[in-house]
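Q: Right, I'll just put the structure down here and ask away after.
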Amino acid sequence: MKKFKTNKLSEQFSNLLLLAVNICIGAIAVTLVIFLFTEVFGFFENLFLKNSDLKYNQIIEDLLVSFMYIEFILLIVQYFKRNYHFSL
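For what it's worth, our numbering labels the leading residue of the sequence shown as 9, then goes sequentially.
Shown next as structure tokens:
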């Protein structure tokens, strides 16, 4: 029976966890991009196509939500650029 070295086993487990985290963060990024495009599409639809009963509070809310999506996407991009480290 072969004995595994604890360093090699822990390194493999660490790499597996890093891969799982990267896949999940990538899935979150794709989801955020999809939600961002739906939010932008809804924003322009409300702004240009539905001129009746235009509420400025709704426009401000749509803009703020869009900027939050953009910030989260940029945070994920920085995570991958800075060697898997979130800089908060």
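Glycine residues also receive a C-beta, built at the ideal position from the N, C-alpha and C atoms. If you're wondering where the values come from, they're calculated on a predicted model, not measured in any experiment.
On the CB-based measure, 16 or more other CB atoms within 10 Å of its CB, does Y92 come out buried or exposed?
A: With fewer than 16 other Cβ atoms within 10 Å, it is exposed.
Q: For L26, I'd like the list of residues in its chain whose CB is within less than 7 Å of its CB, leaving aside the five on either flank, ordered along the chain.
A: Y92
Q: Are I78 and L55 touching if we call contact CB-CB under 8 Å?
A: no
Q: Using a Cβ-Cβ cutoff of less than 7 Å, which residues in the same chain neighbour V48 once the five nearest sequence positions on both sides are dropped?
A: S74
Q: With the cut-off set at 8 Å, would you say L40 and I81 are in Cβ contact?
A: yes
Q: Using CA atoms only, rank isn't needed, just tell me which of F52, A28 and L83 is closest to D8.
A: Nothing can be reported for residue 8: it is not among the residues displayed for the chain, which extend from 9 to 96.
Q: State the DSSP-derived secondary structure class of K63, mapped to helix, strand or coil.
A: coil
Q: Compute the Euclidean distance between the alpha carbons of I31 and E19, then round it to the nearest angstrom.
A: Our two residues, I31 and E19, have alpha carbons roughly 18 Å apart in a direct line.
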